[in-house]
Every structure is written in structure tokens, then in C-alpha cells.
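> Encoded as C-alpha cells, here's the structure I'll be asking about.
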Amino acid sequence: MLTLIIGLSIVKVSVENSMSTTGAELSHLQDEVDKYKKENSLLKERYLTSASLTEIASKAATTGFASSSSEINLAGPLPLAVNR
Amino acid sequence: MNWRYRIILYFFLFAFFLVAVRLFYWQVVRAEELSNMGRAQYGRQVLLSAKRGEIKTSDSYSIAANKILYLLFANPKLIKDKEDLSKRLSLYINEDEATISAALKYEDRYWVPVKSKLDSKIKEKIDSLSLPGIGFEEQSVRFYPEASLAAKVLGFVGKDEYGSDKGYFGLEGFYDRQLRGKSELAVVIQDATGRPILSKLEDVSGKSDGRSLILHMDRSIQFLLDGILKESVLKYGAKGAMAAVMDPKTGGIIAMSSHPTFDPREYEKYSDDFYKNPFITDTYEPGSTFKPLIMAAALDAGLVKADTKCNICAKPVEIGGYTIETWNDKYAANSTMADVIKNSDNTGMVFVGQKLGLDLMISYLEKFGFGQMTDIDLQGEVTPQIRPRDSWYPIDLATASFGQGISVTPIELLTAFSAIANGGKRMEPHMVARIETPDGEIIDIEPKILSRPISERAAKITTEMMVNAVNNGESKYLKPEGYRVAGKTGTAQIPVEGHYDPNKTIASFVGFAPADDPAFLMLVVVDRPSTSIYGSETAAPIFFEAAQKILTYYGISPTE
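Going down the list, the sequences are from chains W and C. When you line the first sequence up against our numbering, it's residues 1 to 84, in that order. When you line the second sequence up against our numbering, it's residues 1001 to 1560, in that order.
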């Protein structure tokens, strides 16, 4: 029991020791994560603006698209039974 | 010798007692304060801000999202030439030199805000100048990529008394707690050089980003409805207009729009009146759009049938010293109930109201939900009360039967009509279809039946009457060809100080299509149109223009 406690304590100390100097890498990783989060946020903003119907309608109007004034139905009602 | 030992013993005991008391003082009484001081030395506090949840339309497009902007701040103590700095900054941040100089004049402060909500491009340009004594803080602000689309449904995000983000009106207000999430202060343990230490992690489990809302709203239908209403307000010279489209089978609100509106990105530039959503806050007398509901009630109670003949419709009706006339001064003796709806005959509706009687009238009004909140998930809903039974006079029963002398909100009327469109079942209106947690879990909001005011049979007969009204009534030339549309026009007088305004009306149209299996139910209300006072000439064209486009959008083929 005492051996186990001493052994685990040694393991804990050595693991913590090895991790304690990873601060630089952790800091760098954190910076990278923040950078990509910001990039994602900016890209999302650009995507939402480009995909907005307000923007699309505005661009469509400048390129000559107009609203349709009438609809044509190609598929009309089909009879269930007909006379021969 | 004993007394010497005793004195020394007592002396040491007393000394140890003093040490124990002092230890108790430092380790118990001042424990928290010292712990915080220690933490401040080896760790730094970081605010883990919760990201506000997004609001998305049914196609998962975010109509309310978040974007990163920057607050430019300055440290006046580090700025030697304030004039030069003000001059250089004013070129980039759209602020005059005097305002910037005024911000920098506080020489006893380490931090002063200069300009908020700067985008990343401006930040990068200013960064490249390497100006001393300035820096940037990130700000997360609400972003509405569709500008003022559905603004009154969304609401806006402002600040509360503590300066924290808070939603007001609409969905931002109603769902504020779910959208807001929970921020948390965390402590990052750092070494002597300021780098974080991985081995010691503070508990950050309290932080939670906000939940996102996925609406029933169809972005395309919302867009076209917004556009049609905006044009119509100008075209008909109206004070305003509003409309909503509902799926009558689920109560889901597919679109809701009103004009004039506001831009939630700059809500502070508008007066408070613009923030209200009149579809849930404004009351009005519905006029003839109310008639199908009263007719449905009488049909359901078995008091009339579609071919029952009205025996008082040959001339104006006198009640309690008042004269009830038709809108066009035309009278048809022995009109059937179908004709009464088709011709929007007030005298015919008085006949129906008298058949119902006061008790049944009030009972059906309650079953249709009038006088009660619909519980739509938008902040700001109101409901006018139905007058108590003992304050009804015979004239009130008569006028209520054709929608005057009784006040409703548009959402109440729309919800009541869902019973006719949905086989007798009145559905709870809902903006939000699903809630998405930050972990990606989806919580569905199930449709809810509020009441069953009428039978399926009564609903079908009333539907046929409304189809007949569209096919053969005042708006027959507006109907999309080949479709069975159930609808009813309304031209309601506006009460002003004890009488009705002789010149102004609230024009409306309510309907659903295809009549046999409705894909949508829509109510259009035009406030005080000036080109024409009639619903058939203002609200009905708006309805049918939108209805045609919605039918095409849904790919629903004609059936006639």
C-alpha cells in the first residue's frame, strides 16, 4: 500500500513536471485556435451577406433580372376517369 | 523551582495561543482574500463570454448571427502628441478630431474608449500604423444579414442596466435567456513569463454558449411578403400594412411582416413605436372577415345549414333604435347562408347572430380563442377582453356577428381561422420549430392543438362557402386561375371617440389555399388605405399576389 502511494506520487510529480513547460506550446495553440475562430467568423459573415436574399435581389436587379408577371403551369389537373 | 517552570510553561502556552489565534485569523478569517491575492499573482482572470445563439430560418440560414467588431481604446498616459494622434485616427474611424481629442483628454486614466464597432479591415489599417498608446478589444455584436427583413419578428439586442447584452421585443426578447447563454470568469494559471501552465486547469464548466433557434419561417416567402407589403403601402396610400402566413396544420408561422418597419442594426435611430409588432400588439374591429367564424359557429351548433334561408334580409334591420344596412345597400330576400357570405351581407349575419343567441355567441368566441392570448412565442402580445355577458345589448350581438363592436388582434383572428382550415382544430401559433443546443442537440417543439371550436363537418361547409365567396364575390377577378382558394374580404370601420370614422377603414382579407388541403393560411390587413377603402380593392390584391407566388413556390399545380 505504501509502495503504491509512493509510486503514484512519483508518477504524478513526473507527469506534472513534464507538462509544466508546455505553456509555450499551449499558448501558441490557443493563439491558433483564436485565429481560426476569427477567420471562421469573418468567412461566415461574408457568406451570410452574399447569400442574403436582399443582396441577391439587388445584384439580380443590376444584371437585368426582373420579377415574373405571370405563371405558366405545365402540369394541369389529370382526370381520374375519361369517357371513350 | 516549580513556580519557575510553571511561569515558563504558561508563558509558552500563551505564546502558542497567540500564534494559534493569529494563524486562525490569516487562514480562516482572511482566507478568501489571501487566496484571491495569490491567484492574482499566479493566474489571470479571463472572461469566457458566452456566444449569443443564432436565429435561423427553416433552411438553416442565420437571419440573426454574431460578428466580431472592435472597440478602439487609448491609454492617455502613453500618448505624447494627442493632436497628431486624433488627426491620424480621424482619417480611419469616421469621427471628427474634436471628438477623439475629447476622449484623450483624461490624463489620469489608463483606459478610455475612443470608437466602438470597428470592423477588422479598419483595425488592420490602424494596427499597421503602429500608433503608441492605443489598442483594440474584441466586441461580439449582433449581425442581421438580411437587414430589416422580419425586423419586427426578430426584435433587437440592446443593453441591460449592467451593460450586458439583452434582447428586446420579438424573438430576441422572448427567447433572451435561451439565446444569451452563460458567461464565466475563469483563472488561467501562468508561469513567470506569463505563459499558461497545462497541469492546473480551473473549472470552466459553468460557461455555456447560447442556444440557437430554428424557425418555421421560410426565408423566400418572408422576402416576397415583405416586398409586396412595402410596395402596397405606397400603392394604396395606406398608413401601414401587415400580413402573416401560417401552416394551419401545425400553427407554424411561415412568414410575418409589417410596414413601416425598422432596421435592427440601427434600432436606436428609431422611436419606440417602430419596435412593436402590430400583428400581435394592435387591436382592431375585424369587420366582414369575422363572418365565416360566426357562420361556422352556427353551422356547428346545428342552428343553420348552408341552404337555410334568411327571412330578414329583404331590407335593413332595425335593432334597439339602430339600423343595420348592407355595405352596398343591396338586399336579397331569402338569401341562403352561402349567399350571405358571398355577398358579405350584414343583415344575413344579424340573422345568424340571432339564431346563435348571446350565450352561444360568447361561448363560441371563447372557443375560437378571442379574449385570450394565443401564446405565440413573441414578446409583446396583447389581447383585448370580450365584454362581460351582462354588458351586451341586442345591438352588440347584431354588430358582433359581422365583426364590428368587437376588438381582436390579427394573430387572434389568424389562429381562429386555423380551425376552419384544419378540420376544426385550432392550432397554437409558433415561430420556433426547433431549438439547437451548443452541443448540437435538437429539441423539437411539437404542434399544439389549442381547442376544437367546431366539427370537421362545419369546417368543411364553411370552407366551401368561402370558396364560393372568392369564386363569385367581389374579388373573383383576382383569384389565381385553376386554384380553389377559400377567402373573405373585410372592410371595417374604425371607432373614433364614440362613433365610427366615416372616411377611413381597416381593409383586410383572410384566406387559405388550396382549399381542400391547405398549404397555407394568410391574413392581410391594410391600415387606412386612401386609394380605396374596400378590402376587395386593397387587401385582396395583396393576398392574391402573395398567394399566387406561394403556390408557385410550393410547386402546387392547379386543380380546376
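From the three backbone atoms N, C-alpha and C, an ideal C-beta is built for every residue, glycine too.
Below 8 Å, can you find three or more Cβ-Cβ pairs linking the stretch 1488-1505 of chain C to the stretch 1440-1455 of chain C?
Touching, no, given that fewer than three Cβ pairs across the two stretches are closer than 8 Å.
> Rounded to whole angstroms, what's the CA-CA distance from residue 1435 (chain C) to residue 1364 (chain C)? Just pull it up for me.
Roughly 34 Å between the two C-alpha positions.
> Work out the CA separation of residue 1136 (chain C) and residue 1123 (chain C) for me, nearest whole Å.
If you take the alpha carbons of residue 1123 (chain C) and residue 1136 (chain C), they lie about 8 Å apart.
> Hey, could you find the ends of the alpha helix (DSSP H) residue 1379 (chain C) is sitting in?
Residue 1379 (chain C) -> no alpha helix (DSSP H), and no H or E assigned at all.
> Examine chain C for any beta-carbon lying closer than 8 Å to the beta-carbon of residue 2 (chain W), and answer yes or no.
No, its Cβ sits nowhere closer than 8 Å to a Cβ of chain C.
> Ends of the alpha helix (DSSP H) at residue 1340 (chain C)?
1337-1343 is the extent of the alpha helix (DSSP H) around residue 1340 (chain C).
> Under the three-state reduction of DSSP, which class applies to residue 1487 (chain C): helix, strand or coil?
Strand at residue 1487 (chain C).
> Does the distance from the CB of residue 1211 (chain C) to the CB of residue 1059 (chain C) come in under 8 Å?
Taking 8 Å as the Cβ cut-off, residue 1211 (chain C) and residue 1059 (chain C) do not qualify as a contacting pair.
> Flag residue 1219 (chain C) as yes if its beta-carbon sits less than 8 Å from any beta-carbon of chain W, otherwise no.
Chain W, which has a Cβ nearer than 8 Å to the Cβ of residue 1219 (chain C), makes this yes.
> Can you confirm whether residue 59 (chain W), when its beta carbon is compared against all beta carbons of chain C, has any partner nearer than 8 Å?
False, the Cβ-Cβ gap to chain C never drops below 8 Å.
> The beta strand (DSSP E) spanning residue 1159 (chain C) covers which residue range?
Start and end: 1156-1159.
> Please identify, using Cβ separations under 8 Å, the residues of the stretch 27-50 of chain W that lie next to chain C, in order along the chain.
Here the close residues are 27, 30, 38, 41, 42, 44, 45, 48 and 49.
> Which residue wins for smallest C-alpha separation from residue 1139 (chain C), given the options C:1536, C:1073 and C:1459?
The residue with the shortest Cα to Cα distance from residue 1139 (chain C) is C:1073.
> Show which residues of chain C have a CB atom less than 7 Å away from the CB atom of residue 8 (chain W).
Under the 7 Å cutoff, chain C gives no residues; its nearest Cβ is about 16 Å from residue 8 (chain W).
> Could you tell me which of C:1101, C:1078 and C:1080 sits nearest to residue 1089 (chain C), measuring between CA atoms?
The option with the nearest alpha carbon to residue 1089 (chain C) is C:1101.
> In three-state terms, what does DSSP make of residue 1115 (chain C)?
Residue 1115 (chain C) falls in the strand class under three-state DSSP.
> Between the stretch 1267-1299 of chain C and chain W, which residues of the former have a C-beta closer than 9 Å to a C-beta of the latter?
Answer in chain order: no residues at all.
> Just confirm the distance between the C-beta atoms of residue 1299 (chain C) and residue 1462 (chain C), as a whole number of angstroms; I'd bet it's less than 8 Å.
Rounded, the Cβ-Cβ distance is 6 Å, consistent with contact.
> Thinking just about the alpha-carbon of each residue, which of C:1127, C:1481 and C:1323 is nearest to the one in residue 1549 (chain C)?
Selected option, being the one with the closest Cα: C:1481.
> For a cutoff of 8 Å on Cβ pairs, would you count residue 62 (chain W) as touching chain C?
Residue 62 (chain W) does not count as touching chain C.
> Residue 1394 (chain C) by DSSP, collapsed to three states: which one?
Correct three-state label for residue 1394 (chain C): helix.
> Pick helix, strand or coil for residue 1323 (chain C), following the three-state DSSP scheme.
Three-state DSSP puts residue 1323 (chain C) in a strand.
> Quick one: does residue 1542 (chain C) have its CB under 8 Å from some CB of chain W?
No - not a single Cβ of chain W is within 8 Å of the one on residue 1542 (chain C).
> Does the stretch 1468-1487 of chain C come close enough to the stretch 1315-1323 of chain C to have 3 or more Cβ pairs within less than 8 Å?
Flag = no, the stretch 1468-1487 of chain C and the stretch 1315-1323 of chain C do not touch.
> Using DSSP with H/G/I as helix, E/B as strand and the rest coil, what is residue 1511 (chain C)?
Residue 1511 (chain C) falls in the strand class under three-state DSSP.
> What is the C-beta distance between residue 1346 (chain C) and residue 1323 (chain C), in whole angstroms, given that I count them as a contact (C-beta under 8 Å)?
Not really, about 11 Å apart at Cβ, beyond 8 Å.
> For residue 1156 (chain C) and residue 1262 (chain C), what's the separation of their Cα atoms in angstroms?
Going by the C-alpha atoms only, they are around 10 Å apart.
> For residue 1145 (chain C), would you say it is in contact with chain W, using Cβ-to-Cβ distances shorter than 8 Å as the test?
Output row for residue 1145 (chain C): interface = yes.
> Take the Cβ of residue 1526 (chain C) as the centre, count every other Cβ of all protein chains shown within 10 Å, and call the residue buried at 16 or more, exposed below.
Classification for residue 1526 (chain C): buried.
> When you compare only the Cα positions, how much space is there between residue 1388 (chain C) and residue 1184 (chain C)?
Looking at the two C-alpha atoms, the distance is approximately 52 Å.
> When Cβ atoms are compared, which residues of the stretch 1061-1072 of chain C fall closer than 7 Å to chain W?
Taking 7 Å as the Cβ-Cβ cut-off against chain W, the residues of the stretch 1061-1072 of chain C that qualify are 1061, 1062, 1065, 1067 and 1068.
> Per DSSP, which one or two residues make a beta bridge with residue 1288 (chain C)?
Answer is none; residue 1288 (chain C) lacks a bridge partner.
> Under 9 Å between beta-carbons, which chain W residues line up against residue 1149 (chain C)? List them in chain order, please.
Those within 9 Å of residue 1149 (chain C) in chain W are 52, 53 and 54.
> Between the C-alpha atoms of residue 1544 (chain C) and residue 1244 (chain C), what's the straight-line distance to the nearest angstrom?
Between residue 1544 (chain C) and residue 1244 (chain C), the C-alpha separation is close to 13 Å.
> Alpha carbons only, please: which of C:1096, C:1414, C:1247 and C:1542 is nearest the one belonging to residue 1514 (chain C)?
Checking every option, the nearest Cα to that of residue 1514 (chain C) belongs to C:1247.
> Roughly how many angstroms lie between the CA atoms of residue 1201 (chain C) and residue 26 (chain W), to the nearest whole one?
For residue 1201 (chain C), the pLDDT reaches just 48, beneath the cut-off of 50, and the residue's location in the model is therefore unreliable, although a value from the coordinates is still provided. If you take the alpha carbons of residue 1201 (chain C) and residue 26 (chain W), they lie about 12 Å apart.
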